[in-house]
Amino acid sequence: MNIPQPGNPLHGVTLERMLTELQEAYGWPTLARRIEIRCFSHEPSIKSSLKFLRRTPWARTQVEALYMELLRERAADKRPRLFARKEK
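Just so you know, we're using the working numbering here: the sequence shown kicks off at 3 and counts up by one.
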């Protein structure tokens, strides 16, 4: 049974997609600093990170929160600036 979730930006987004987008946006070193887990700092890969995150709810929660932050950053970048500085 599919329950509509109109206010949930994570609805339909796989953990693999979240992790891939985070890695592309920040890179492994930054991810390792932002979320201190070994699968990001020691021989990182999408496969090993997914395996860990699927078994570790607290780490997955942190990844989801960082992904939400990334979505907010992207949305802010697309908004028009009301008071943009004029070039001289």
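Note that CB positions come from ideal geometry on N, CA and C, so glycine has one too.
Which whole-angstrom value describes the C-beta separation of residue i and residue j, a residue pair presumed to lie in contact below a C-beta threshold of 8 Å?
{"i": "Pro-46", "j": "Trp-30", "result": "4 Å"}
{"i": "Arg-76", "j": "Leu-17", "result": "That belief does not hold up - the Cβ atoms of Arg-76 and Leu-17 are roughly 19 Å apart, past 8 Å."}
{"i": "Leu-68", "j": "Ile-37", "result": "6 Å"}
Flag this pair as yes or no: are the beta carbons of residue i and residue j separated by less than 7 Å?
{"i": "Leu-52", "j": "Val-65", "result": "no"}
{"i": "Ile-48", "j": "Leu-21", "result": "yes"}
{"i": "Leu-72", "j": "Ala-27", "result": "yes"}
Just to confirm, does residue i get its C-beta within under 6 Å of one of the non-hydrogen atoms of the ligand COA?
{"i": "Leu-17", "result": "Ligands are entirely absent from the displayed structure, and the ligand COA is therefore not among its contents."}
Taking its Cβ as the centre, do 16 or more other Cβ atoms sit within 10 Å of residue i, making it buried, or is it exposed?
{"i": "Met-70", "result": "exposed"}
How would you write the range of the alpha helix (DSSP H) that residue i sits in, first residue to last?
{"i": "Leu-21", "result": "17-28"}
{"i": "Ile-176", "result": "This structure does not reach residue 176, given that the chain is present from 3 up to 90, and the question cannot be answered."}
{"i": "Arg-81", "result": "Taken as a continuous stretch (DSSP letters only), Arg-81 belongs to no alpha helix (DSSP H), as it is neither H nor E."}
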